[in-house]
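All remarks here apply to the structure that follows.
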Amino acid sequence: MSYFRLQANIISKKTQSAVASASYRSGEELYSERDEEMKSYQQREVAPVSFILKPDHAPEWTLEREKLWNEVEKIEKAWNAQLAREVLIALPVELPEDAQQELVQSFVQEEFVEEGMVADVAIHRDKEHNPHAHIMLTVRPFNEDGTWGQKKTRQYEFDQNGDILRDEKGEKIFQTVPSTDWNERETLVKWRMHYADAINESFKEHGIEQTVSALSFEAQGLDQIAEVRLERNEYQYVKRLEEKGIEAQTFYHQLNQEIREKNAEIAQLNDKIAFLSAKQKQTDVQTVLHRHTSDVTSQLDADYEKSWHFMKGRLKDNFSFDAVHDQLQGLYRWEERKVEPKQVEVQVTHAILNASHKAYQERNTNFVKQQGFTSSDFRSLFTERLDAFETLTDSVEKDQQTVDQVVAHAERTYRAQSLIVHNAFNELFPDTEERFAHNDRTVVYKSNVLTAIQTNDRTAIPSPHEVNHRLQLHELKKACEQGEKASEQIRIQALIRNKLGSEKEQLVKDGTDLKAIYETSVKLNTTQQLIERYEAKAKHIDQELNALIRETFPQAKEKLLKDVEQLPLEMKTALLKHYTQQNKLMKAPTLKACLQVAKKDQSKQAMAYHAYQAKPEARFAERLGSQQKSLSHFPTGRASTELIEQLIDQAERDQHQAQHETPAPTKLRRKSKDKQLRRELGLEFEL
1 MSYFRLQANI ISKKTQSAVA SASYRSGEEL YSERDEEMKS YQQREVAPVS
51 FILKPDHAPE WTLEREKLWN EVEKIEKAWN AQLAREVLIA LPVELPEDAQ
101 QELVQSFVQE EFVEEGMVAD VAIHRDKEHN PHAHIMLTVR PFNEDGTWGQ
151 KKTRQYEFDQ NGDILRDEKG EKIFQTVPST DWNERETLVK WRMHYADAIN
201 ESFKEHGIEQ TVSALSFEAQ GLDQIAEVRL ERNEYQYVKR LEEKGIEAQT
251 FYHQLNQEIR EKNAEIAQLN DKIAFLSAKQ KQTDVQTVLH RHTSDVTSQL
301 DADYEKSWHF MKGRLKDNFS FDAVHDQLQG LYRWEERKVE PKQVEVQVTH
351 AILNASHKAY QERNTNFVKQ QGFTSSDFRS LFTERLDAFE TLTDSVEKDQ
401 QTVDQVVAHA ERTYRAQSLI VHNAFNELFP DTEERFAHND RTVVYKSNVL
451 TAIQTNDRTA IPSPHEVNHR LQLHELKKAC EQGEKASEQI RIQALIRNKL
501 GSEKEQLVKD GTDLKAIYET SVKLNTTQQL IERYEAKAKH IDQELNALIR
551 ETFPQAKEKL LKDVEQLPLE MKTALLKHYT QQNKLMKAPT LKACLQVAKK
601 DQSKQAMAYH AYQAKPEARF AERLGSQQKS LSHFPTGRAS TELIEQLIDQ
651 AERDQHQAQH ETPAPTKLRR KSKDKQLRRE LGLEFEL
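Numbering follows UniProt numbering, with no gaps: position 6 of the sequence shown is 6.
Here is the structure:
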């Protein structure tokens, strides 16, 4: 089974060589300009897997290992300068080698490279039981032009008027502060937490039912005793004796044996407790649901009670929240795909017949022809199509009456069932935040959790401290699904409209098939009316996403949030979707990172749009005007590259400023905090 390990050390010019360190870890021969000698070490049994990752703004020569570390030693002039930071991480033995490497690359890219460091990585697999990676990191940042930056910067003090304060000698008053937070203990803690999250995410992707944690057993709330980590010599001695079938008698090995026996006893007791508590909780959930069902149904008015009995009879033995929810969603789909388009078709047909009749009376032969009529045979065609229109109207009215009745019953029953689920969930999880208490976007998740408790599916039951985090992610996920659906409806209808428009133009040009011209005209105008309806829905969802973005990024400044609100719906959906996919309990992506993903998504859409413009049907949309022609790929608009870049830069500045606005703890407080962190996280080292 894997153990968690992430430790950091500094490679100092006082006693070490960065070139030699890189040579030893990568297994390459490297020439050290400072020592004027070739650094070379004995080849390993298994060749290391080594690679270098760099930020976009770092120069290309940083990808050359020998030049990179020689340049580091040149720029660091002080005799005791910090040359590099080495982070040593243990790799999970449960993962295959390619997954281990993918884990290392993604972790290094996200935690170090995207923060501005160049990372020289070497994966060692000399011992099958101990795969690990050495990560050498630059400690000096790079400027945007690719030159070396400063480790420290001056932070001037200002008066009330915004002028720099000066001392008695007239010199500016300032403090020297680090230009990055890479040396902060909180940063180290963050790396440990994020690496544990990355391992657990990889386990989940590969179907491995295990987890690791950067926290001590006590901090995790585990009834378990930690084993003592053996030194290398003692570990190798114990392994040699085990291979010979001899039990080692060293003190710490014997102590670990006793710890394992005690942990096994604790695990057995916990299994019994879990079994009994699961049985008790299962009974509790059924009791809670029954009580809240009685409370809600006893307060139903006549309409709600009638709907409750109607749906109960319709669903029979499968009368539950999930069944009512599925029934209602099916009705909505039927209404959206069948009934609503027919309603619009009735309105459009009525408008076309009226307009055609008026044009015929005004002798507007050109318009009459475009709608599939001829002046010579107008009356007979008009009568025939008027009869068909009346038949269609009767059919649509009957369908509408039916769907209105059934949907009304389903909606009332769904509201009652949702209230039962909300109330039961809130009772079992009393720490649920107020905004999630009766949030309709979270009700399906709550129902799934209640079912998981009844079936004792532990993997689907959130712990009390993560329940609000899960509810937030499901609320955002549901909102993103609604946003994507609204955009897709507009996009699909726009593609259909463009195709129909091209077909109608060709039919009118030929002028022979009057029936096809008329039917295509009805379909074309129906599609355009549906687009306008879907655009109204999209505007409503867009306003809801604006509110969710504010709740999701409360630390963002007001100006930035207002600018983000100007983005099209698709970009807001993309950035929130990235947030939900990359969000973990101890880590959430920044607004800047989410904006960058939204920018990439729009770039892909732009490429697809350019390819589409070469098609014949796209030329019809070009004649409709700027608001209509790009709906096929940018349903709610397109953000300019300049605006997106400006928002990304603004988000980065706000984030950087927020980090530096945090007041530094006093020396006494910080010392106490460091001690507490080491105790909670089991740190074996100090930066």
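Idealized CB from N, CA, C, for every residue including glycine.
(request) Leaving aside the five residues before and after residue 67 along the sequence, list all residues of the same chain whose C-beta is less than 6 Å from its C-beta, in chain order. (result) 61
(message) Which same chain residues end up closer than 6 Å to residue 16 when comparing Cβ atoms and leaving out the 5 residues on each side of it in sequence?
(response) none
(request) Would you mind working out which of 167, 538, 340 and 124 sits nearest residue 488, comparing C-alpha positions? (result) 538
(message) Within a Cβ cutoff of 7 Å, which residues of the same chain sit near residue 14, ignoring the five residues on either side of it in sequence?
(response) 79 and 80
(message) With distance defined between alpha-carbon atoms, name the residue in 492, 185 and 85 nearest to residue 636.
(response) 492
(request) Report the three-state DSSP secondary structure of residue 691 (helix, strand or coil). (result) As displayed, the chain neither begins before 1 nor continues past 687, which places residue 691 out of reach and without an answer.
(message) Per DSSP, what are the beta-bridge partners of residue 37 in this structure?
(response) 32
(request) Could you name the residues that DSSP lists as bridge partners for residue 710? (result) Within the shown structure, residues of the chain are numbered from 1 to 687, placing residue 710 beyond reach of any answer.
(request) Go ahead and label residue 640 buried or exposed: buried means 16 or more other beta carbons lie within 10 angstroms of its beta carbon, across all protein chains shown. (result) exposed
(request) Label residue 117 either buried or exposed according to how many other C-beta atoms from any shown protein chain fall within 10 Å of its C-beta, with 16 as the threshold for buried. (result) buried
(message) By the three-class DSSP mapping on this structure, what secondary structure does residue 123 have?
(response) strand
(request) Determine the closest residue to residue 331 out of 399, 371, 292 and 361, with distance taken between C-alpha atoms. (result) 399
(message) Restricting to Cα atoms, I'd like to know which of 476, 142, 41 and 182 is closest to residue 720.
(response) The structure shown does not extend to residue 720, since the chain is modelled only from 1 through 687, so no value can be given for it.
(request) Could you tell me whether the region 577-589 touches the region 561-569, using the rule of 3 or more Cβ pairs below 8 Å? (result) no
(request) Pull up the CB-CB distance for residue 456 and residue 432, whole angstroms please, since I reckon it's below 8 Å. (result) At roughly 22 Å, the Cβ-Cβ gap does not stay under 8 Å, so residue 456 and residue 432 are not in contact.
(request) Count the other CB atoms, across all protein chains shown, that sit within 10 Å of the CB of residue 250; report buried if there are 16 or more and exposed otherwise. (result) exposed
(request) Give the single residue among 186, 196, 185 and 129 whose Cα lies nearest to the Cα of residue 107. (result) 196
(message) Let's see if you can read the secondary structure: which residues bound the alpha helix (DSSP H) around residue 610?
(response) 591-612
(request) Have a look at 157, 618 and 477 and flag the residue whose alpha-carbon is nearest the alpha-carbon of residue 548. (result) 477
(request) Drop a sphere of 10 angstroms on the beta-carbon of residue 111, count the other beta-carbons inside from all chains shown, and report buried for 16 or more, exposed for fewer. (result) buried
(request) Determine the closest residue to residue 153 out of 175, 602 and 203, with distance taken between C-alpha atoms. (result) 175
(request) Could you round the C-beta distance between residue 348 and residue 498 to whole angstroms and report it? I think they count as a contact, below 8 Å. (result) 17 Å between Cβ atoms; not a contact.
(message) If contact is defined by three or more beta carbon pairs under 8 Å, each pair taking one atom from either stretch, is the region 374-388 in contact with the region 417-434?
(response) no
(request) Note down the Cα distance separating residue 257 from residue 479, rounded to an integer number of angstroms. (result) 52 Å
(message) Within the continuous alpha helix (DSSP H) that includes residue 541, where are the two ends?
(response) 514-552
(request) Run the proximity test for residue 297: is its beta-carbon closer than 7 Å to any non-hydrogen atom belonging to the ligand HEM? (result) Among the components of this structure there are no ligands whatsoever, and the ligand HEM is therefore not found.
(message) Just to confirm the assignment: which complete alpha helix (DSSP H) runs, minimum length 4, are found wholly within the region 286-342?
(response) 302-315 and 321-334
(message) According to DSSP, is residue 7 part of a helix, a strand, or is it coil?
(response) strand
(message) I'd like to confirm the pairing. Which residues does DSSP put opposite residue 89 in its beta bridges?
(response) 6 and 133
(message) To the nearest angstrom, how far is the alpha carbon of residue 638 from that of residue 397?
(response) 39 Å
(request) Helix, strand or coil for residue 363, going by three-state DSSP, please let me know. (result) coil
(request) Identify the continuous alpha helix (DSSP H) that holds residue 95 and give its terminal residues. (result) Segment: none, residue 95 is in no alpha helix (DSSP H) and carries neither H nor E.
(request) Give me the Cβ distance between residue 24 and residue 41, rounded to the nearest whole Å; I'm assuming they're in contact under 8 Å. (result) 5 Å
(request) Note down, in chain order, each residue of its chain lying with its Cβ closer than 6 Å to the Cβ of residue 447, except the 5 sequence neighbours on either side. (result) 321 and 421
(request) Provide the residue(s) that pair with residue 153 in DSSP beta bridges, ordered along the chain. (result) 177
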